[in-house]
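Q: One structure, as structure tokens, below. Some questions next.
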Amino acid sequence: MGQMENPVRYSVITEKNPREIVMLRGSGCRFLRCRFCDYHLDSSRDQAANDRINKEALSHVTGQYHSLEVINSGSFLELSEETMARIERVCLEKHITQLRFEIHWMYREHVKKWREHFAEKGITVKIKMGVETFDDAFRREVFDKGMEGVTPQDAAKVADEVCLLFGVTGQTVQSMRYDIETGLRYFERICINIMVENTSQIQPDPQVIKMFVDNFYEIYKDDPRVDILLENTDFGVGGKRDE
Ligand code: SF4
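Right, here's the structure in full:
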């Protein structure tokens with residue numbers, strides 16, 4: 000996604016698992032190694048500035064679907080205490096009962112306490128984890144995802160949903176089928192991200208993207224358990240704001 004000037008930070012997803020979504024800013028991804036990613040550039044060590052931005056984004060939340068997705072450049076554990084408290088306040092004020100966060104595997108030990116924390120307030124936390132693929136060698140050697148040896152069953156003990164990344168040289172119809180089917184077997188929902196050009200060292204492979212579109216898009220585009228982001232701004236956040 001890269002560094003953005005004044006990006007759109009609030010949007011509403013009206014189809015498939017309708018929810019509001021905010022893209023907040025945290026202190027920055029602590030992992031930083033994933034070779035396909037430049038999304039972590041949307042971060043700052045200036046927590047006061049982050050909190051101001053996050054307050055503004057959260058001020059748009061209406062609670063219309065009682066469901067809110069919070070994304071940030073990394074994991075939700077990298078959001079400040081103040082921003083976490085504000086998220087909680089907004090959820091309570093707007094009667095939000097389902098709250099979705101993203102995390103990297105390295106934070107797995109922290110998930111339980113946050114689930115319990117929000118559950119006490121009547122809010123169910125859903126955890127989304129970027130596994131990118133279930134092919135362990137590809138995940139290690141191509142993506143450098145930092146999840147060596149993690150099985151779908153391991154990930155399913157922490158996450159409710161997974162993100163997959165397609166459109167990279169080396170992926171095949173067979174590998175994508177395996178990833179989709181494995182994701183749907185072990186998780187409530189999957190989110191398929193198609194690789195887009197960014198400043199990272201991995202570039203999209205048009206042939207692999209075509210393979211995905213030709214073989215899977217029609218089958219899964221209306222599946223309520225599958226989100227497909229052909230562009231990484233398809234959820235309505237992250238693009239440049241029209242001014
Ligand atoms: S994909 Fe997520 S965990 Fe990996 S470097 Fe990017 S922000 Fe960090």
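Taking numbering that gives the first Met the number 0, the leading residue of the sequence shown gets 0, the next gets one more, and so forth. Glycine included, every Cβ here is placed at the ideal spot set by N, Cα and C.
1. Relative to the ligand SF4, is the shortest distance from any of its heavy atoms to the C-beta of G73 smaller than 7 Å?
2. Measuring straight from C-alpha to C-alpha, what distance separates C267 and D41?
3. In terms of residue numbering, what span does the alpha helix (DSSP H) encompassing K125 cover?
4. Less than 8 Å between the C-beta atoms of M83 and F30, yes or no?
5. Beta carbon of H116, beta carbon of T96: below 8 Å?
6. According to DSSP, what are the bridge partners of F165?
7. Hey, how far is the Cα of K112 from the Cα of D50?
8. Quick check: does the Cβ of G129 come within less than 7 Å of any heavy atom belonging to the ligand SF4?
9. Going straight from the alpha carbon of D233 to that of Y177, what length do you get?
10. Is R251 helix, strand or coil when you go by DSSP?
11. In angstroms with no decimal places, state the Cα-to-Cα distance between V157 and R224.
12. Looking at the unbroken beta strand (DSSP E) that takes in S66, where does it start and where does it end?
A: Walking through what the data contain:
1. yes
2. The structure shown does not extend to residue 267, since the chain spans only 0 to 242, so no value can be given for it.
3. Here K125 belongs to no alpha helix (DSSP H); instead the beta strand (DSSP E) covers T123 to E131.
4. no
5. no
6. I193
7. 23 Å
8. yes
9. 24 Å
10. Because the chain is modelled from 0 through 242, residue 251 falls outside the range shown and cannot be assessed.
11. 18 Å
12. S66 to N71
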